[in-house]
Amino acid sequence: MDQELKRTFTRRISQSNKSELVVIIYDIYFAHSECAKRQKTEGDYEGYKESLRLAIGAQDELIRALNMQYTISENLRIIYQYCKNLVYRTLAEGKMEYLEESDCLMEKLRNSFAQVAKQDHSERMMQNTQTVYAGMTYGNGILNENYDYSASRGFFA
328 MDQELKRTFT RRISQSNKSE LVVIIYDIYF AHSECAKRQK TEGDYEGYKE SLRLAIGAQD
388 ELIRALNMQY TISENLRIIY QYCKNLVYRT LAEGKMEYLE ESDCLMEKLR NSFAQVAKQD
448 HSERMMQNTQ TVYAGMTYGN GILNENYDYS ASRGFFA
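The opening residue of the sequence shown carries number 328 in my numbering; numbering runs sequentially from there.
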């Protein structure tokens, strides 16, 4: 994953609520999955293995984020664990069809959580962060982002 993508994820996380954060974790998983596919075709096997490990880490984070007080959480945990085992098989055997199957299941779950996130209008989780305003200004097809540097950030905020 390149630095620009990391910066994008960091900005999205700082502006997200709980539901949006789950969708972002899915997107992080897919970024690592795509990176692993690209690295395997390029012959970078160390990078390929590291990207798969990071994809597994994103799946672990989704498992840890489950609230086990709800019955659906156990079903989600089983699906996440199955997908995680598929990525482990990809790592062990090198067969990309396992990763493709995991991606297919994770994409369906991500789309479901994206629909839930659209309906969730709760406050963002991080309160003392910069507000980001994005818009098309003075550029031909260029998206400019401006940050609100408020004085109420920091230790005594």
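We treat Cβ as the ideally placed atom computed from N, Cα and C, and that holds for glycine.
- A check of alpha carbon separations from residue 389 across 448, 407, 337 identifies 407 as the nearest.
- Boundaries cannot be given for residue 396, as no alpha helix (DSSP H) includes it and DSSP labels it neither H nor E.
- Contact between residue 414 and residue 386 holds: CB atoms are separated by about 7 angstroms, below the 8 angstroms threshold.
- In the structure shown, the three-state DSSP call for residue 384 is helix.
- Between the stretch 339-349 and the stretch 431-448, the count of C-beta pairs closer than 8 angstroms reaches three or more; the two stretches touch.
- In this structure, the alpha-carbon of residue 378 lies about 25 angstroms from that of residue 439.
- By the neighbour-count definition (other C-beta atoms within 10 Å, threshold 16), residue 362 is a buried residue.
- In its chain, beyond the 5 residues on either side, 418 have a beta carbon closer than 7 angstroms to the beta carbon of residue 376.
- Within the same chain, 413, 414, 416, 417 come within 8 angstroms of residue 425 by CB-CB distance, once the 5 residues on both sides are set aside.
- Restricting attention to 367, 353, 336, 338, the CA atom closest to the CA of residue 422 is found in 367.
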